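In what follows, a structure is listed as structure tokens, so that the remarks can point back to it.
In the numbering used here, the protein residues as written are 48 to 170.
This is the structure:
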């Protein structure tokens, strides 16, 4: 018998959960938080490198930042894509249903994910 089980709240960290947030948590912990962790250092000396460059000097913002990190680490890019897809479980259906989309003749998706939100708009 298993010694540990997920609570309803932690169950979304399972990869097989229908509304899994595992990729979002992983993406933020591995590829986003390190830069937030350097924000105080940057604010203490704004003449130096930005927080992103302090956290990821090998992927400077001036040379693509997170996008160059993704190029070098395909597993991080894949995790980012899965994280963006998981945002659907946080309200994409409501945004599509309740948004004033008929007012617009053009919508630009600047999310950088896999286009799931725009795909829902077009359905």
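Backbone N, C-alpha and C define an ideal beta-carbon position, used for all residues, glycine too.
The structure presented is a predicted model; accordingly, all values stated were derived computationally and were not measured.
Take every Cβ of the stretch 64–72, pair it with every Cβ of the stretch 80–92, and state whether three or more of those distances are shorter than 8 Å.
Counting Cβ pairs under 8 Å, fewer than three are found: no touch.
Range covered by the alpha helix (DSSP H) that runs through residue 97:
Sequence index remark: in the chain shown, residue 97 carries index 50 (1-based). Where residue 97 is concerned, there is no enclosing alpha helix (DSSP H), given that its DSSP letter is neither H nor E.
Inter-residue Cα distance where the pair is residue 75 and residue 109
As a working note, residue 75 is residue 28 in the chain shown. As a working note, residue 109 is residue 62 in the chain shown. Distance between residue 75 and residue 109, taken at the CA atoms: about 21 Å.
Simplified DSSP state of residue 155, which is helix, strand or coil
Counting from one through the chain shown, the residue named residue 155 turns up at place 108. In the three-state reduction of the DSSP assignment, residue 155 falls in the coil class.
Please return the same chain residues whose Cβ sits closer than 7 Å to the Cβ of residue 130, not counting the five positions on each side in sequence.
Here residue 130 is taken as the residue at index 83 of the chain shown, counted from 1. The residues are 70, 71, 74.
For residue 62, which residues of its own chain have a beta-carbon under 6 Å away from its beta-carbon, when the five flanking residues on both sides are left out?
Working through the chain shown from its first residue, we reach residue 62 at position 15. Excluding sequence positions up to five before and after residue 62, its CB lies within less than 6 Å of the CB of 69, all in the same chain and listed in chain order.
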